[in-house]
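Working notes for the structure below.
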Amino acid sequence: MAAVEHTPDYPPKTPPPPKRPVSPPRPETSLVGTARARMQVRNRRSANWSLEAAPWSAAKASTHVLGRLHEWGYREADTAALALTELLVRTAVSDGGRRVSVHLADQNRQALIVALSHRPGLAVADTAVLPELNRLGAVSCGTDTAEDGRRMWAVLDL
Numbered sequence: 047m048a049a050v051e052h053t054p055d056y057p058p059k060t061p062p063p064p065k066r067p068v069s070p071p072r073p074e075t076s077l078v079g080t081a082r083a084r085m086q087v088r089n090r091r092s093a094n095w096s097l098e099a100a101p102w103s104a105a106k107a108s109t110h111v112l113g114r115l116h117e118w119g120y121r122e123a124d125t126a127a128l129a130l131t132e133l134l135v136r137t138a139v140s141d142g143g144r145r146v147s148v149h150l151a152d153q154n155r156q157a158l159i160v161a162l163s164h165r166p167g168l169a170v171a172d173t174a175v176l177p178e179l180n181r182l183g184a185v186s187c188g189t190d191t192a193e194d195g196r197r198m199w200a201v202l203d204l
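So the sequence shown is numbered by our numbering: it starts at 47 and just counts up by one.
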């Protein structure tokens, strides 16, 4: 007798669903390898400008910063604000990126001036500019480096 192939007249049985769904992997809680936090300015007046990384950018940024400080009613620290902004932007331009952004904020008669170089792949933050910022009138200043470039800031009493 020859074997006859028999096809069932009902669909095959599917396995039952798992009793407990598979949980997703736990999030990584280590800070190693994470990018630095984006700069955020809240609850105060602020302004920012993006400029081409060119030799004339320092003067243009200084004009923008001084104009905004005058709009906000600060006219006492013109020379210090000009000098600090020019040094910050000149240093950011020297990093060799394609653009530079300048950020300004005020609080309690102090101004925060920040310059970002937007040049990826810089090594360690160069701190040689910090004594010069202090000499020009900065109450506080600092610098740091991440994958997206170098960030330098100075706080000025107004």
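Glycine included, C-beta positions come from ideal geometry on N, C-alpha and C. Predicted model, so just to flag it, every value in this text is computed and none were measured.
Compute the distance between the beta-carbons of residue i and residue j, then report whether it is under 9 Å.
| i | j | result |
| --- | --- | --- |
| V111 | T131 | yes |
| E178 | L133 | yes |
| L204 | T189 | no |
| A104 | R136 | yes |
I need the straight-line Cα distance from residue i to residue j, nearest angstrom please.
| i | j | result |
| --- | --- | --- |
| A127 | H149 | 13 Å |
| A174 | A157 | 22 Å |
| K106 | V68 | 58 Å |
| T116 | T125 | The sequence shown places His at residue 116, not Thr. Their Cα atoms are separated by approximately 13 Å. |
| P121 | R155 | In the sequence under discussion, the amino acid at residue 121 is Arg, which differs from the Pro named in the question. Whole-angstrom Cα-Cα distance: 11 Å. |
| S96 | M198 | 15 Å |
| T60 | P71 | 27 Å |
| I159 | P64 | 58 Å |
| T109 | A129 | 11 Å |
| P62 | E193 | 49 Å |
| R66 | H52 | 37 Å |
Would you mind reading off the limits of the beta strand (DSSP E) that contains residue i?
| i | result |
| --- | --- |
| E51 | Note, E51: premise wrong, no beta strand (DSSP E); not H, not E. |
| L204 | From DSSP, L204 is part of no beta strand (DSSP E); its letter is neither H nor E. |
| A93 | S92 to E98 |
Between residue i and the rest of its own chain, which residues show a CB-CB distance below 6 Å, the 5 nearest in sequence each way excluded?
| i | result |
| --- | --- |
| A138 | V146, A161 and S163 |
Could you pull out every residue in the same chain whose Cβ sits closer than 7 Å to the Cβ of residue i, ignoring the five residues on either side in sequence?
| i | result |
| --- | --- |
| R114 | A93 and L150 |
| S186 | V201 |
| G195 | D141, G143, L162, S163, H164, R165, P166 and L168 |
Report all residues from its chain with a CB closer than 8 Å to the CB of residue i; omit the five preceding and five following residues, and keep chain order.
| i | result |
| --- | --- |
| R90 | A151, D152 and Q153 |
| W118 | R91 and D152 |
Counting only runs that start and end within the stretch 118 to 199, where is the alpha helix (DSSP H) found for 4 or more residues in a row? Within the stretch 118 to 199, the complete alpha helix (DSSP H) segments of 4 residues or longer fall at 124 to 140 and 176 to 181, listed in chain order.
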